[in-house]
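Heads up: the sequence shown runs through residues 111 to 646, numbered per my numbering. All residues carry an ideal CB built from backbone N, CA and C; glycine is no exception.
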Amino acid sequence: MKKDRIKTAPKTVEKVLRLKSATQKKQIAFPVFFVVAIIAVLILKIYKTMYAGIIYDEAMTCLHFADDIRHALHPAAIPNKNVPLTNNHALNSIFIYYAQKFFNSYEFYIRIPSLTAGIIFTLALAYIIYKTIHSCILRLTTFILISLSPFVFDYSFLARGYAFGLAALFTQIALLLWWLDHKKSFRSWPKPALIISALNFLAFGATLSSLFFLAAFNLTFVLLFSSKIFYDSPKKLRTIIITGLTIFLVSFTAVFLLYHNSYADIANDPVVKESNKNWGGWSSFAQLLHDLFLIRVFRSSDAAGIIIPVALAALAVGAMAFYIYKLRDALKQRTGWKYIKQDDRVFLVSIITGLYVIFLFLYGVILRRSLGFDRNIIFIIPMVLIGISIILDRFAQALKKKILTRLVIAAAAIVMLATIMHNPVSPYFVFDSASISGPLVRKLHTIDPFRTWNIEFSRQTRLFPMAFLYYQQFDYKFRVLGVMKRPEVLVCRLSEKPIDKFCLDSDHFARANCAVVLNESFPFDRVVLTIKLKKN
């Protein structure tokens, strides 16, 4: 018996060493993959910022609100009263004004501030996912899913206020997670309060639609977590009062100084009044969420676009039911609060997301006030997807059999990857087809840099000229709309494309649901056209 034990001992030790080596390799490999994914997302974001053309809203902001600081701070004073004041995102307009001063040699200077904010958002998102999700596979797939969701990706670099809102709001959550892991002395309490106040100002100053998310985060932070970030915090109530009052007073003062000349004008803007008039309460609220998730995230225009969100919802509901069951048992044993405190990451994300949805519901359904476009609540997309991933992650970990854990994680990862593949982000064009503006004027300039091109727009592309006009400040020669008699180029939707006409780079511009139709006056001798012959 002793000899047998001596013989088997080296084998057992060898097996343990192999398992340990495999675990160490896994622990090294996945962080490397995660960092590579972050770098890849940032490279794609920078490339698309430079390549994709300016869209209507960006051009409107640049031409009407960012030409003068006074117009950004007091938009009602601009000469053209027909410009909707809601298009002015105050801090974004101010940042564009200074970007124009210092970086106007770059075509994409208008996006440099928002791109910076988008990079910060990506890094903050990566940190939140890394700290809240334990499974390496789910960390990676969740980050890719949110970062490459076309709607979130595009608005994290477009020259609008949403990029700053995303950056500020998710930096707040990332900082809270950092502070929970690196507690400080209560003597430094002004520092977190002032940082949160500054981020409140950045988010709300860049986009008014961030108000409800800010309310959800600030309430959660002040009431539930402000005393937890200090290792020597005094009485909880004292910490809550000091932190809460400081954040409120500093944030309110900063926001008041920014908006006191324009808030009343924005509230009385005809666009806002018309939006409130057409708002249908619950039906409009449900439609907004439907468009945001099923259309923007999952692109549910076909069978795959319906199956994927249903599969993810089924996994999430199953995991949630299990989590609630465990919580109920803990409550029966009077250890419910301890159960929650053991995993305050789930609690943090759940409370912020839940409060955000409640505030949106109260405003949109109970008060029947318009929430505007789906982009106004874009902040809910990352929060919901992170929340689903956390619940699935905890569900998988709670399963006793390893094979079941692996199956749950694999199923969740497959559904997330399927979502990315079904609705991939375009590296060339944003969701707005007007983003063909930059690529098209650059292409025409390459064909003949000395020619003044006449460009016409169809009924469905009648708003595109504003985006094209942005490029007239650079070395591009073209005229639009009524200034020409015989246009060489017609920009239209694919559904409007004439059958008997040649198109410039048809496959490329078709990615933006557009066609660039060449008329008889186009210099065909200067370009090689790829023609597809169709039967009959």
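Taking every protein chain shown into account, the CB of Asn386 has fewer than 16 other CB atoms within 10 angstroms, so this residue is exposed. Secondary structure of Ile243 (DSSP, three-state): coil. DSSP, reduced to helix, strand and coil, places Trp288 within a helical segment of the structure shown.
Assignment of Asn328 by DSSP, reduced to helix, strand and coil, places it in the helix class. Under the three-state reduction of DSSP, Arg297 is assigned to helix. Counting C-beta atoms within 10 angstroms of its own C-beta, Val627 has 16 or more neighbours from the protein chains shown and is therefore classed as buried.
A distance below 8 Å separates the beta carbons of Ser224 and Leu268. Val540: not part of any beta strand (DSSP E); DSSP gives it neither H nor E. When secondary structure is reduced to three states using DSSP, Ile339 falls in the coil class, being assigned neither helix nor strand. Nearest to Gln397 by alpha-carbon distance, out of Ala209, Lys383, Leu481, His181, is Leu481. CA-to-CA, the gap between Gln583 and Ala316 works out to about 25 Å. The way I'd put it, the stretch 313-327 does touch the stretch 268-281; three or more beta-carbon pairs between them come closer than 8 Å. The C-alpha of Asp558 lies about 52 Å from the C-alpha of Leu470. In this model, Gly390 and Arg478 are separated by some 7 Å (Cα to Cα).
Taking the C-beta atoms as reference points, Ile461 is found nearer than 8 Å to Leu334. For Leu600, the beta-bridge partners assigned by DSSP are Glu566, Val627.
Contact between Ile220 and Glu168 holds, since their C-beta atoms are separated by about 6 Å, short of 8 Å. With respect to the C-alpha of Phe358, the residue from Arg180, Ile305, His181, Ile164 having the closest C-alpha is Ile305. In this structure, the beta-carbon distance from Met526 to Thr232 does not fall below 8 Å. Cβ atoms of Ile238 and Leu285 stay farther apart than 8 Å, at about 10 Å.
Excluding five sequence positions before and after Leu329, the CB atoms of its chain that fall closer than 8 Å to its own CB belong to Leu465, given in chain order. Here Arg589 carries a strand assignment [DSSP, helix/strand/coil]. With respect to Phe366, Trp299 sits apart: the two C-beta atoms are not nearer than 8 Å. With contacts defined as CB atoms closer than 8 Å, Ser616 and Ala622 fail to qualify as a contacting pair.
Collapsing the DSSP output to three states places Phe267 in coil.
Under the Cβ criterion (8 Å, minimum of three pairs), the stretch 207-217 does not count as touching the stretch 252-264.
For Asp379, the number of other beta carbons within 10 angstroms of its own is at least 16, and it is reported as buried. Shown here, Phe218 sits in coil according to DSSP, grouped into three states, outside any helix or strand. Taken atom to atom, the span from the alpha-carbon of Leu422 to that of Lys301 is near 40 Å. Three or more pairs of CB atoms, one per stretch, sit closer than 8 Å, so the stretch 494-506 contacts the stretch 240-248. Selection Ser536, Leu355, Thr571, Ala139 evaluated against Tyr157 yields Ser536 as nearest (Cα-Cα). Taking the C-beta atoms as reference points, Ile230 is found nearer than 8 Å to Thr281. Arg485 counts as buried, since at least 16 other C-beta atoms from the protein chains shown sit within 10 angstroms of its C-beta.
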